Amino acid sequence: MARGKVVIATGIPGVGKTTVCKEAEAQARAEGVKLSVLNYGDVMVEIMEKRGLLVHRDKLRKMDMATQKVLQAEAAAKLAKAVKAAEGHVIIDTHMVVRTPFGYLPGLPKHVLEALKPDLLVLIEADPEEIAARRVKDLEAGERLRDERRIEELREELMFSRMVASACSVLTGAPVAIIKNPAGGQREAGRKLLELIKG
Amino acid sequence: MARGKVVIATGIPGVGKTTVCKEAEAQARAEGVKLSVLNYGDVMVEIMEKRGLLVHRDKLRKMDMATQKVLQAEAAAKLAKAVKAAEGHVIIDTHMVVRTPFGYLPGLPKHVLEALKPDLLVLIEADPEEIAARRVKDLEAGERLRDERRIEELREELMFSRMVASACSVLTGAPVAIIKNPAGGQREAGRKLLELIKG
Amino acid sequence: MARGKVVIATGIPGVGKTTVCKEAEAQARAEGVKLSVLNYGDVMVEIMEKRGLLVHRDKLRKMDMATQKVLQAEAAAKLAKAVKAAEGHVIIDTHMVVRTPFGYLPGLPKHVLEALKPDLLVLIEADPEEIAARRVKDLEAGERLRDERRIEELREELMFSRMVASACSVLTGAPVAIIKNPAGGQREAGRKLLELIKG
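Chains as they are written, first to last, in the numbering used here: chain A, 15 to 213; chain B, 15 to 213; chain C, 15 to 213.
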């Protein structure tokens, strides 16, 4: 069992991150390349469910800070095991930063990076205007921000993702690749992700 | 003695950081929430005074690099003790970066973060134009920069603060919150800071 | 043998980094200040040549990721020895990030920083428009990007350099200084670099 690469693919909500990861997985399958995708959020939800706590995954980011951090660490340990057990390459689908009520929580703090030992960090990005359009349907009542301010916030979130990715890169030595995912571009974005992994 | 949160509140000169920290402290007192504010610069000045060195705190940033780094480390050790001794929450009022003649000195390098173990990192920000206006009265003779260049420098300083905060966040796992402090907004900014701490 | 400062001088291709380092070296010699410049890329090429691998240094960044990382670590060990052996100050001429086909590779990941223990990190910068003009002659066939997109990419590369430098700064405690190198300004830039080292 030759261990493949561990790639952490990240993106802010509305960027199409999970779709791109699934594209890469499907294309890998078509080419006979061994590749599996693990979803950080799924693992966090699983851990909560085992404890009888039912939380919708979109609400994860609204839980108190201490709980989020504990869940984050436990999920990292579980994912590290799954990575070891995996044949071929592994994509971990997660966030570089999570926008919470108490600020930007780093999705990959030092202890998580040390558990996952990524070979490559990927930022999946889209234009803030497009992300805003994709997110409109996910808006909760009362979240009707003025468009301009919303775009500004998305710009900030994208920027923080890059800054946090840079720090992760220095800690791990792994490069940071940016993949653009414009509307209708998920196949192409998935192909780029797969090429990075194979390359 | 239940230990509260350790919050590092930072901001570049002219942003109103200390005022916001004092606001949060006053509001906490009014609500019966235990909260104390420790000032990093004050501790550095105290250490210098004990050695018979009299330095105005605004001159700290102009001392040679080696001295600043030694002082920084000693102050961190002293603050760590004060944090341990504190009842309730603690705000450490300091800088994310210090603009010195030899570049941006990180206010919270790894060894300082390891001493202080923050739960939350806060960037207090204001528009560069407002900061410039607030700083005018602090200008020294010969510092009369063209307005445009000054604004550009402030923008750079604010950006470096965010970048350095992102690295601190990855190292500690603590989230980074941004609190805006526009003119006349210190009460509201103080309230937000207190809410972050309590939340 | 009093050990001097270890300064890591970085810049993206086309910024004039090596010229500025040589200027600082020449001016130091003229002033009787002991200062030597070590080039990270040269050391990587030397290591490859010893193994009978002939690679043009401009092609280093196109090698596979694993090889680049191994070379990077070996060169760091070699440079660390050279730094220890050096009398006076040392400038290490290298990149903060290397734009590779698999993303931005950090030039100074944690393990390299721990080997080199820099006292100061320097970003040599120029306007993206000027860098683009300087790079035109280095374009390979097929690399004829539209001007606008090229400028955008340079802006991104400069920004990533700053973000990665910020993380390096937090890890080492070393400040980050920015030196501008506009067209015809290399003497002035070299002088600034030397002043930072002496200061």
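Positions of the beta carbon are idealized from the N, C-alpha and C atoms, including for glycine. If you're wondering where the values come from, they're calculated on a predicted model, not measured in any experiment.
Taking the beta strand (DSSP E) that residue i belongs to, which residues open and close that run?
| i | result |
| --- | --- |
| residue 102 (chain C) | 102 to 108 |
| residue 111 (chain C) | 111 to 114 |
| residue 121 (chain C) | From DSSP, residue 121 (chain C) is part of no beta strand (DSSP E); its letter is neither H nor E. |
In terms of residue numbering, what span does the alpha helix (DSSP H) encompassing residue i cover?
| i | result |
| --- | --- |
| residue 76 (chain A) | Premise fails: residue 76 (chain A) is in no alpha helix (DSSP H) and is neither H nor E. |
| residue 126 (chain A) | 124 to 130 |
So what's residue i in DSSP terms, helix, strand or just coil?
| i | result |
| --- | --- |
| residue 142 (chain A) | helix |
| residue 148 (chain C) | helix |
| residue 15 (chain A) | Residue confidence is low: residue 15 (chain A) scores 39 on pLDDT, short of 50, so the model does not pin down where it sits. No coordinate-derived value is stated. |
Anything in chain C within Cβ reach of residue i, meaning under 7 Å, just list it in chain order.
| i | result |
| --- | --- |
| residue 210 (chain A) | 116 |
| residue 213 (chain A) | 115, 116 |
In this structure, what does DSSP give as the bridge partners for residue i?
| i | result |
| --- | --- |
| residue 28 (chain A) | Residue 28 (chain A) pairs with nothing; no bridge assigned. |
| residue 165 (chain A) | Partner(s): none; residue 165 (chain A) has no beta bridge. |
| residue 20 (chain C) | C:104 |
| residue 136 (chain B) | B:23, B:191 |
Taking C-beta pairs closer than 7 Å, name the residues in chain B that residue i reaches, listed in chain order.
| i | result |
| --- | --- |
| residue 181 (chain A) | 180, 181, 184 |
Against residue i, what residues of chain A qualify as contacts under a CB-to-CB distance less than 7 Å, listed in chain order?
| i | result |
| --- | --- |
| residue 177 (chain C) | 176, 177, 180 |
| residue 190 (chain B) | 117, 118 |
Given that residue i touches chain A, what residues does it touch there, using C-beta distances under 9 Å?
| i | result |
| --- | --- |
| residue 125 (chain C) | 187 |
Chain C partners of residue i, CB-CB under 8 Å?
| i | result |
| --- | --- |
| residue 207 (chain A) | Near residue 207 (chain A) there are no residues of chain C at all, since even the closest Cβ is about 11 Å away, more than 8 Å. |
| residue 79 (chain B) | 133, 134, 189, 213 |
Along chain C, which residues have their Cβ under 9 Å away from the Cβ of residue i?
| i | result |
| --- | --- |
| residue 122 (chain B) | 184 |
Quick one: which chain A residues come within Cβ less than 8 Å of residue i?
| i | result |
| --- | --- |
| residue 83 (chain C) | 187 |
Q | Residue ranges of each alpha helix (DSSP H) within the stretch 31 to 101 of chain B, 4 or longer | A | 31 to 45, 54 to 64, 79 to 99
Q. Which residue spans inside the stretch 173 to 209 of chain B form an unbroken beta strand (DSSP E) run of at least 3?
A. 190 to 194
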